[in-house]
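Residue numbers (the numbering used here): 22 to 304. Note that CB positions come from ideal geometry on N, CA and C, so glycine has one too. Below you'll find the structure, written out as structure tokens, and then a few comments.
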């Protein structure tokens, strides 16, 4: 099932160009709230509503009306979760996940602008698969992890490298949480739509230059491993996000270095989900 936020209303999407308004199709039984998309308790009902809907109920839509697909209580990022990215960072491959928080206020939609203030001259991109949790869970067994997931989407973990590595203490949370620094979308796709949800391709472009490409089968810590490890420490709630890590190719590791500046366009694609297009504008 493919779900989306269309102009603030939850919809089921068919054939990438037709949308079924969930509230209308349910005759008001399901409220038009963004949280509907990530509520696993409603997913069987959403499938049933979609199956019995008439063709006339499915409407064409403008993709640029799509917004963020989740309203998280918390967003968690995972650092150095691709071996090639750890190697390009000249850092040892971690023995356990290294995580940081991203403020929920930084989450925006798949076509929203990324705002870079003039003083931020080392803003970097990180294309990622983002997991959206679908129900409350603590101490989730690895074998059950995918059953707690509402779906996956594309995301960018945009980062102010200057602030991230400013001395005397490096910090991750704030420089990855500026307003607009966590675009997600364009769709929330349930795990059953993938032949193997642990092998999904992620790619990123700056303008027309492909800068990143990887597969989640190359993650050091898989999605189930991350969920099991994290849920020993925090309780997940519907809508919570896990930014699962980025492949090699970040701008700070390129020669010459490549940063996000006004006028550039950031494109992020997750196979089976779709493509985000985020223009970079000055603040």
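- In the structure shown, residue 298 falls within a strand segment according to DSSP collapsed to helix, strand and coil.
- Secondary structure within the region 95–157: the beta strand (DSSP E) runs of 3 or more consecutive residues, fully enclosed, are 96–100, 119–123, 135–137 and 148–154 (chain order).
- Scanning its chain for C-beta atoms nearer than 8 Å, with the 5 sequence neighbours on each side dropped, one finds around residue 44 the residues 30, 31, 51, 52 and 53, in chain order.
- Each residue's CA atom was taken as its position, placing residue 212 and residue 202 some 25 Å apart.
- Positions of the beta strand (DSSP E) runs, each at least 3 residues long and wholly inside the region 214–254, are given as 222–227 and 230–236 in order along the chain.
- Contact check for residue 155 against residue 59 passes: the beta carbons are separated by less than 8 Å.
- Residue 148 and residue 267 have their C-alpha atoms roughly 6 Å apart.
- Note that the C-beta distance between residue 159 and residue 256 is below 8 Å.
- The beta carbon of residue 98 is closer than 7 Å to those of 120, 121, 123, 178, 197 and 264 in its chain, skipping five residues each way along the sequence.
- In chain order, 173, 174, 175, 208 and 210 place their CB closer than 7 Å to the CB of residue 294, counting only its own chain and leaving out the 5 sequence neighbours on each side.
- Residue state for residue 72 is assigned as helix, using DSSP reduced to three classes.
- Following the DSSP letters along the chain, one finds residue 37 in no alpha helix (DSSP H), marked with neither H nor E.
- Per DSSP, the continuous alpha helix (DSSP H) segment holding residue 46 begins and ends at 43–46.
- With a cutoff of 8 Å on beta-carbon distance, residue 34 and residue 28 are scored as not near each other.
- Cβ neighbours of residue 112 within its own chain (closer than 7 Å, five residues either side excluded): 101.
- Distance check between residue 297 and each of 130, 280, 63 and 270 places 130 closest, using alpha-carbon atoms only.
- For the pair of segments examined, the region 136–147 was found to touch the region 275–291: the number of CB pairs separated by less than 8 Å reaches three.
- One alpha carbon belongs to residue 150, the other to residue 141, and they sit about 25 Å apart.
- Residue 177 has 148 as its beta-bridge partners, per DSSP.
- A straight line joining the alpha-carbon of residue 252 with that of residue 168 spans about 14 Å.
- Nearest C-alpha to residue 26 among 166, 195, 82 and 161: 82.
- Leaving aside the five residues that flank residue 88 on each side, the residues in its chain whose CB is nearer than 6 Å to its CB run, in chain order, 26 and 130.
- With a 10 Å radius around the Cβ and a threshold of 16 neighbouring Cβ atoms, residue 288 comes out buried.
- For residue 96 against residue 125, the beta-carbon gap comes to about 6 Å, under 8 Å, which counts as contact.
- Selection 214, 226, 138 and 200 evaluated against residue 282 yields 138 as nearest (Cα-Cα).
- In the three-state scheme derived from DSSP, where H, G and I count as helix and E and B as strand, residue 162 is classed as coil.
- Beta-bridge partners of residue 263 (DSSP): 97 and 152.
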